[in-house]
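Chains A and B, in that order, give the protein sequences. Read left to right, the first sequence gives residues 849 to 941 (the working numbering). Read left to right, the second sequence gives residues 474 to 831 (the working numbering). We treat Cβ as the ideally placed atom computed from N, Cα and C, and that holds for glycine.
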Amino acid sequence: MTDPDRPAVVHLPRSLASLFPQAERRMDAHGATVLEVVRDLDTRVPGLANRVLDAGPSIRRHLNVFVDGQIAALDTPVPGGAQVHVIPAVSGG
Amino acid sequence: MTGRSLVLVGTPKGAFILESDAARRDWSIRGPLCDGWPVHDISVEPGTNALLAGAGSPWFGPAVWRSEDLGETWTHSSEGLTYGDDGPKVATVWNVTAGLDGIYAGVEPAGLFRSTDRGRTWTHVEGLTNHPSRPEWGPGAGGLILHTIVPHSSDTQRMWVGISAVGVFETRDGGASWQTRNKGVRAEFNPENRFPEFGQCVHKLVMASDGGELLYQQNHCGVYRSSDGGAQWEEITGDLPSDFGFVMTAHPRDPKTVWNIPLTSPEEGRLMPGGAAAVWRTHDGGETWIRSGEGLPQKDAYVGVLREAMAHDDRDPVGVYFGTSTGQLYASADEGRTWSRIADNLPPIWSVEALAVD
């Protein structure tokens, strides 16, 4: 059983965490969905949501978010203690 | 020799800064800056000498970066840089220019944003997007981009912008309303109407140093001058070897001196003609043009120069700089008469700006 009060653990890529002096590669965050988790992080790392979210809101096209290993959308539920990974997609040149 | 001379370079793999003293002979380089983000444009905020970089990451979206210590440290923000959740997604910032009443950012898809808090937050200048022609705007080869912003030198209510392939617009009421400013400019790709009200492919627009009415334009179809703030344009392509090109920069003190780099047509590669690199300049407002290739490769130089990749400083004599789409950066410390290469292995150069600090 997962404890719904436990924070999720969000894993940020180095290229994202390095944009913000307040950010760390692993951060605890609360929220029932991926969107709420991102918003919670943004309260402690102002501007981070703008780097992850596009208009819509939607997850930026070349980023992927996984919750406990499963590809996720913004409305995907985030259980207490979940492992959330933000992964840059393979793109660019 | 005292003084610092900086050349700010934007590339798809970050920003770079070349630095010299007032003599501008020996240069050092630092970078990549802005975390290696694609940087379309770097400019300088007058008065503070803060550096502003317009950028867009394929992963993390658009942002304007700001440095208040000449590029040593940077912050970034895109708060408010959006057309809203129901609007088109902003891909990148193509131009960032400080005006008298704030900082302006031109983005893709084409639109204008303003910041009055040094780039921390942004507000959409809706008057331009609400122009009646907006439903008919079509992209150029580089996309539907607002790439040029020219604030008036003294009137906060006036500003010009350039959009490919839409044309030039001017506001005289601080951005609330805009008028097309394309009269006299050819649109050869539109044979049914070679002189439409809009749809011209402006490549670069610059203001002369005489106070705000004299403008110059490099267009997809010719080089132009306007002596009435863009109300009417007169072609000054004259004896330039091509009517195509991207860059143009105007002398900081002499309103009749402008530098330009003609390129072969898009169908012929957008390269310096004949494999010989050259910068052309006029000292009479475009009546006549002078070629300078001294110090530039004159054989087998198959290089192009992109829209934002030429600039000048305000020293006396003026320094002129340009970068190529293959990563070479050239400088002239004598107003474009002779040239030397100051960097050779940069990424493709998207933008060049110059700053003299004494």
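- For glycine 584/B and methionine 721/B, the gap between their C-alpha atoms comes out near 22 Å.
- Boundaries of the beta strand (DSSP E) harbouring threonine 621/B: 618–624, taken from the DSSP string.
- In chain order, Leu687, Ala723, Pro728 place their CB closer than 6 Å to the CB of alanine 681/B, counting only its own chain and leaving out the 5 sequence neighbours on each side.
- Assignment of glycine 747/B by DSSP, reduced to helix, strand and coil, places it in the helix class.
- In this structure, the alpha-carbon of asparagine 818/B lies about 14 Å from that of proline 485/B.
- Following the DSSP letters along the chain, one finds threonine 797/B in no alpha helix (DSSP H), marked with neither H nor E.
- For threonine 570/B, the enclosing beta strand (DSSP E) begins and ends at 565–572.
- Approximately 7 Å separates the beta-carbon atoms of isoleucine 576/B and valine 569/B; this is inside 8 Å, confirming the contact.
- Judged by pairs of C-beta atoms under 8 Å, the stretch 895–911 of chain A does not touch the stretch 539–546 of chain B, as fewer than three such pairs exist.
- For histidine 693/B, DSSP assigns no beta-bridge partner whatsoever.
- Among the residues facing chain B, arginine 892/A is not included, as its CB has no counterpart in that chain under 8 Å away.
- The C-alpha of alanine 751/B lies about 32 Å from the C-alpha of glycine 611/B.
- Relative to the Cα of aspartate 757/B, the nearest Cα in the group Gly711/B, Gly579/B, Ala784/B, Leu744/B belongs to Gly711/B.
- If you draw a straight line from the Cα of serine 606/B to the Cα of aspartate 559/B, it comes to about 21 Å.
- Neighbours of arginine 908/A in chain B, taken as residues at a C-beta separation under 8 Å, are given in chain order as Trp532, Phe533, Gly534.
- Rounded to the nearest whole angstrom, the C-alpha separation of glutamate 661/B and arginine 667/B is 6 Å.
- Taking all protein chains in view, the Cβ of alanine 496/B is surrounded by fewer than 16 other Cβ atoms within 10 Å, so the residue is classified as exposed.
- In this structure, valine 858/A lies near valine 934/A, with their beta-carbon atoms less than 8 Å apart.
- The C-beta distance from leucine 601/B to valine 641/B rounds to 12 Å, too long to fall under 8 Å, and the pair is not in contact.
- In the three-state reduction of the DSSP assignment, proline 505/B falls in the strand class, which pools E and B.
- Taking proline 852/A as reference, the option from Gly928/A, Val932/A, Val938/A, Pro936/A with the minimal CA-CA separation is Gly928/A.
- Between aspartate 508/B and chain A, the shortest Cβ-Cβ separation is below 8 Å.
- Annotation: glutamate 872/A to leucine 506/B spans about 21 Å, alpha carbon to alpha carbon.
- In the DSSP annotation of this structure, the continuous segment of the beta strand (DSSP E) that includes valine 480/B starts and ends at 477–484.
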